[in-house]
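For the record, the sequence lines run as chains A and B. Take 710 as the starting number for the first sequence in our numbering and just add one per residue. Take 710 as the starting number for the second sequence in our numbering and just add one per residue. Each residue gets a CB set at the ideal place from its N, CA and C atoms; glycine is no exception.
Protein chains: 2
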Amino acid sequence: MPNAFDNHDHSHCATTGLAQAETILAARNQRLTPVRRETLRILLSEHRALGAYDVLERLADAGFGKQPPVAYRALEFLVDQGFAHKITRLNAFAACMHPDTDHAPVFLICRICHALAETAATPVRTALNATAHAVGFTVERSSIEAVGRCPNCKDAA
Amino acid sequence: MPNAFDNHDHSHCATTGLAQAETILAARNQRLTPVRRETLRILLSEHRALGAYDVLERLADAGFGKQPPVAYRALEFLVDQGFAHKITRLNAFAACMHPDTDHAPVFLICRICHALAETAATPVRTALNATAHAVGFTVERSSIEAVGRCPNCKDAA
DNA sequence: TAGAATACGTTATGATATAACATGTCAACA
DNA sequence: TGTTGACATGTTATATCATAACGTATTCTA
Ligand SMILES: [Zn+2]
Ligand SMILES: [Zn+2]
Ligand SMILES: [Zn+2]
Ligand SMILES: [Zn+2]
């Protein structure tokens, strides 16, 4: 599985992502309707986060509704079902790169090219849980988002 | 140093916070003007994050300007100088509890009572840097925010 | 005290997000 | 096979969060 920073056959990411969504949602008796499918396709088309209004514009171009709830609802569905994530730092959404495994990711956001990668969260989450436990806090959800430079942009300002 | 979840003499937090800001800013030749001071006092008055418009309302009550930039500018100053943090998950701001030590904190947000604590970030950040390094990414800034239940609310739904 | 830098206040607008409600789709089942 | 109920889609309207641009006031420095 390549990450966003590697050169890779990206068409594979998109087709795989859609196919996975089909399979998983069918098993859950959830419907991947045309708007939802197109929304996922839009997110999968890039390894970066898109604002809800960017998604909305593309949905409108594809013949769907033009009002914010159209995008927000499809995005909410995809987030709930684990096929997309909200990147809170960016107020934006990105396709999940491993919807098959239950996970709570760490996001790496390139400040230069805006590429976004999801990486193994286990060690970070272990540390976070320990830190929280030390003050009696129970973690239910968390966002771990780093901004910096990806390998392709490491020499840029 | 108590954290937000402990019972503690909270008036101490506020007076200490303001005094620290005075001292540190004087040393930096930065001005803790009346709006800035009041903004910090407002944030210090609670161990939770306040939205910019909540802060603005209290500033207006205290006789300062009533327009959003008044609050946003004071908040930006305090964040830049390390006396407040923006909690991106909440689109809100909170006073920093240890402005004396250079740090990039982990935030623990109680879903029930909205208390917010800042905890030692070192182990979490170490893990995050290692994870990032593994894919060639250089972390410049990061937000680590957990939502869950604080010790006082651990038995709640 | 003049001039420059900084801060404060306002108006106006931009960007992100949701409430509320009408219409449409589809499958279960009387 | 027509009715019903659940879900999905679309719209209007509004709420919430944030910044651009500009004029005035204050403070610093020479
Ligand atoms: Zn790809
Ligand atoms: Zn990059
Ligand atoms: Zn306190
Ligand atoms: Zn609590």
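Give the DSSP-derived three-state secondary structure of Gly857/B in the structure shown.
-> strand
Answer yes or no: the CB of Ile821/B versus the heavy atoms of ligand 4, is any distance below 6 Å?
-> yes
At a CB-CB cut-off below 8 Å, which residues of chain A make contact with Phe802/B?
-> The contacting residues do not exist; Phe802/B stays about 15 Å from chain A at best.
Within the chosen definition, does the segment 743-752 of chain A reach the segment 783-799 of chain A through at least 3 CB pairs nearer than 8 Å?
-> yes
Any heavy atom of ligand 5 within a distance shorter than 6 Å of the CB on His719/B?
-> Of the ligands this structure carries, namely ligand 1, ligand 2, ligand 3 and ligand 4, none is ligand 5.
Alpha helix (DSSP H) containing Ala769/A: first to last residue?
-> 761-770
Could you name each continuous beta strand (DSSP E) segment of 3 residues or more that falls completely within the segment 817-850 of chain B, going from the start of the chain to the end?
-> 825-828
CA nearest to the CA of Phe816/A, picked from Asn838/A, Thr725/A, His756/A, Leu768/A = His756/A
Sequence-distant residues of the same chain with beta carbon closer than 7 Å to Ala713/A, five excluded per side | His756, Ala824, Leu825, Ala826
Terminal residues of the continuous alpha helix (DSSP H) containing Ala730/B?
-> Where Ala730/B is concerned, the enclosing alpha helix (DSSP H) stretches over 719-736.
Can you find a heavy atom of ligand 3 that lies under 6 Å from the Cβ of Cys722/B?
-> yes
Give the straight-line distance between the Cα atoms of Cys722/B and Ala758/B, rounded to the nearest whole angstrom.
-> 15 Å
Using a Cβ cut-off of 7 Å (strictly closer), state whether Ser852/A contacts chain B.
-> yes
Could you work out which residue in Gln776/A, Ile796/A, Val848/A, Cys805/A is closest to Val744/A when comparing CA atoms only?
-> Gln776/A
With DSSP collapsed to three states, give me the class of Phe792/B.
-> coil
Would you please state the rounded distance, in angstroms, between the beta carbons of Pro808/A and Ala730/A? I believe it to be under 8 Å.
-> Your pair Pro808/A and Ala730/A checks out as a contact, with CB atoms roughly 7 Å apart and the cut at 8 Å.
In the structure shown, what three-state DSSP assignment does Phe786/B receive?
-> helix
Span of the alpha helix (DSSP H) around Pro743/A | 743-753
Do Ala761/B and Ala735/B have their CB atoms nearer than 7 Å?
-> no
Given a threshold of 16 other Cβ atoms within 10 Å of its Cβ, counted over all protein chains shown, does Arg850/A qualify as buried or as exposed?
-> When all chains shown are included, Arg850/A counts as exposed.
What are the boundary residues of the beta strand (DSSP E) that includes Ala803/A?
-> 801-804
Would Ser852/B be called buried (16 or more neighbouring beta carbons within 10 Å of its own) or exposed?
-> buried
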